[in-house]
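Protein chains in written order, with the UniProt record's numbering: chain A, 1 to 62; chain B, 1 to 62; chain C, 1 to 62; chain D, 1 to 62; chain E, 1 to 62; chain F, 1 to 62.
Number of protein chains: 6
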Amino acid sequence: MPVIQIYCNEITEEKKRELVKRITRVSGEVLELPESTITVLIREMPPEDVGVGGVLLCDRDQ
Amino acid sequence: MPVIQIYCNEITEEKKRELVKRITRVSGEVLELPESTITVLIREMPPEDVGVGGVLLCDRDQ
Amino acid sequence: MPVIQIYCNEITEEKKRELVKRITRVSGEVLELPESTITVLIREMPPEDVGVGGVLLCDRDQ
Amino acid sequence: MPVIQIYCNEITEEKKRELVKRITRVSGEVLELPESTITVLIREMPPEDVGVGGVLLCDRDQ
Amino acid sequence: MPVIQIYCNEITEEKKRELVKRITRVSGEVLELPESTITVLIREMPPEDVGVGGVLLCDRDQ
Amino acid sequence: MPVIQIYCNEITEEKKRELVKRITRVSGEVLELPESTITVLIREMPPEDVGVGGVLLCDRDQ
Chain A
1 MPVIQIYCNE
11 ITEEKKRELV
21 KRITRVSGEV
31 LELPESTITV
41 LIREMPPEDV
51 GVGGVLLCDR
61 DQ
Chain B
1 MPVIQIYCNE
11 ITEEKKRELV
21 KRITRVSGEV
31 LELPESTITV
41 LIREMPPEDV
51 GVGGVLLCDR
61 DQ
Chain C
1 MPVIQIYCNE
11 ITEEKKRELV
21 KRITRVSGEV
31 LELPESTITV
41 LIREMPPEDV
51 GVGGVLLCDR
61 DQ
Chain D
1 MPVIQIYCNE
11 ITEEKKRELV
21 KRITRVSGEV
31 LELPESTITV
41 LIREMPPEDV
51 GVGGVLLCDR
61 DQ
Chain E
1 MPVIQIYCNE
11 ITEEKKRELV
21 KRITRVSGEV
31 LELPESTITV
41 LIREMPPEDV
51 GVGGVLLCDR
61 DQ
Chain F
1 MPVIQIYCNE
11 ITEEKKRELV
21 KRITRVSGEV
31 LELPESTITV
41 LIREMPPEDV
51 GVGGVLLCDR
61 DQ
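Listed below in structure tokens is the structure:
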């Protein structure tokens, strides 16, 4: 059942592959559950859709 | 108030229409609430953004 | 993979059982996926944790 | 830590800027936390991905 | 439709009332939507369920 | 900014500590971001609030 949602910056497919593989392995070990039960959902966030400290990331990076 | 978020594969607008209609009806019946109070949010997930068992869906389908 | 999150009022275990069964069936039919791939997460919300129209549900019900 | 997710209609970047600024300020004041600790995630929802009362918003607007 | 989820520390009911009222007002103004369409869901997070920078908040506060 | 939400079974505080530490490390490495920017939110789900394949986990375990 474990469901893991990751809200992150935009990344390559190769990075997604690595992220899912390693996050699943770590979660399975700590939770003591088979990896097959773990679902990871990646949500890439464009910098104009994220605010930290009241400022959009797209304004920060400028 | 009930809010229902559905993370699913990419589907047609006609499927979304049917999904929202039927999910709302079932939820209203079980929760004994008027359908007008129910909000459904559909989040289509591209296969490179979902991992099951540590493997991206886009790699599984190959 | 489909993951369905339901934010609702507090309900009995029997209602949860019925909700999960029927939501899963409807989703499987519309999405044309086996029911075994569908995960439903129920999040009961106490009325002091939900606001509609700017008013907490616990204040509305009074 | 506070994380605020906003599911809303599609809006301009200027609206996002204002939304993040004002939501962060209000949250910081009420929660009595520095604004720097607050993250806001905006999720624009196209009208065919939202159902209210069992009807897609894109059908309602017609 | 707008749905706003707030993940925050544990707060009093009075704080929740104020948070919902003010967040709804700000969102309605920026999104140019009636307040009646806005739902706010508060999720209080105990400090042992939140990690920032790899450390649980309950360990940070010690 | 990365925010990681983990929906899992009920676990000890020691497990949460380990989960947050290791998930944060892996995410920071893959995303190439400092660990201090990463927030992890753990949501323990009681077995009567999760359905897999249409059946509540609390019924499966019996």
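All residues carry an ideal CB built from backbone N, CA and C; glycine is no exception.
Please read all numbers here as calculations on a predicted model, not as lab measurements.
Spanning the alpha carbons of Arg22 (chain A) and Arg25 (chain D) requires a straight line of approximately 36 Å. Leu41 (chain E): member of the beta strand (DSSP E) spanning 39-44, first to last residue.
Residues of chain D whose Cβ lies closer than 9 Å to the Cβ of Leu19 (chain A) do not exist, since the nearest Cβ in that chain is about 18 Å away. Bridge pairing for Val52 (chain A): A:Val55, D:Thr39 [DSSP].
For Val3 (chain A), the pairing in a beta bridge is given by DSSP as A:Thr39, F:Tyr7.
At a cut-off of 7 Å between C-beta atoms, Val50 (chain D) does not count as an interface residue with respect to chain A. Residue range 13-31 is occupied by the alpha helix (DSSP H) that includes Glu14 (chain A). When secondary structure is reduced to three states using DSSP, Pro47 (chain D) falls in the helix class. At a cut-off of 7 Å between beta carbons, Leu56 (chain E) contacts chain F.
What Leu41 (chain B) touches in chain E, judged by beta-carbon distance under 9 Å, is Met1, Val3, going in chain order. Asp59 (chain C) is classed as exposed because its beta carbon has fewer than 16 other beta carbons within 10 Å across all chains shown.
Under the 7 Å criterion on CB atoms, Gly28 (chain A) is classed as non-interfacial with respect to chain D.
Fewer than three pairs of CB atoms, one per stretch, sit closer than 8 Å, so the segment 42-49 of chain B makes no contact with the segment 2-11 of chain E. Distance between Arg43 (chain C) and Ile38 (chain B), taken at the CA atoms: about 15 Å.
At a cut-off of 7 Å between beta-carbon atoms, Glu14 (chain B) makes no contact with chain D. By the criterion of a C-beta distance shorter than 7 Å, Leu31 (chain A) is surrounded in its chain by Pro2, once the five residues flanking it on both sides are discounted. Classified as exposed, Ser36 (chain B) has fewer than 16 neighbouring CB atoms from the shown chains inside 10 Å of its CB. A distance below 7 Å between beta-carbons, with the five flanking residues on each side excluded, links Lys15 (chain E) to no residue of its chain.
Between Arg17 (chain F) and Leu19 (chain E), the C-beta gap is not smaller than 7 Å, which leaves the two residues out of contact. With respect to Gly51 (chain F), Val52 (chain C) sits apart: the two C-beta atoms are not nearer than 7 Å. Pairing Gly28 (chain C) with Gly54 (chain D), the inter-Cα distance amounts to about 18 Å. Note on geometry: alpha-carbon atoms of Ile11 (chain D) and Glu13 (chain B) lie some 22 Å from one another.
Rounded to the nearest whole angstrom, the C-alpha separation of Leu33 (chain A) and Leu33 (chain C) is 24 Å.
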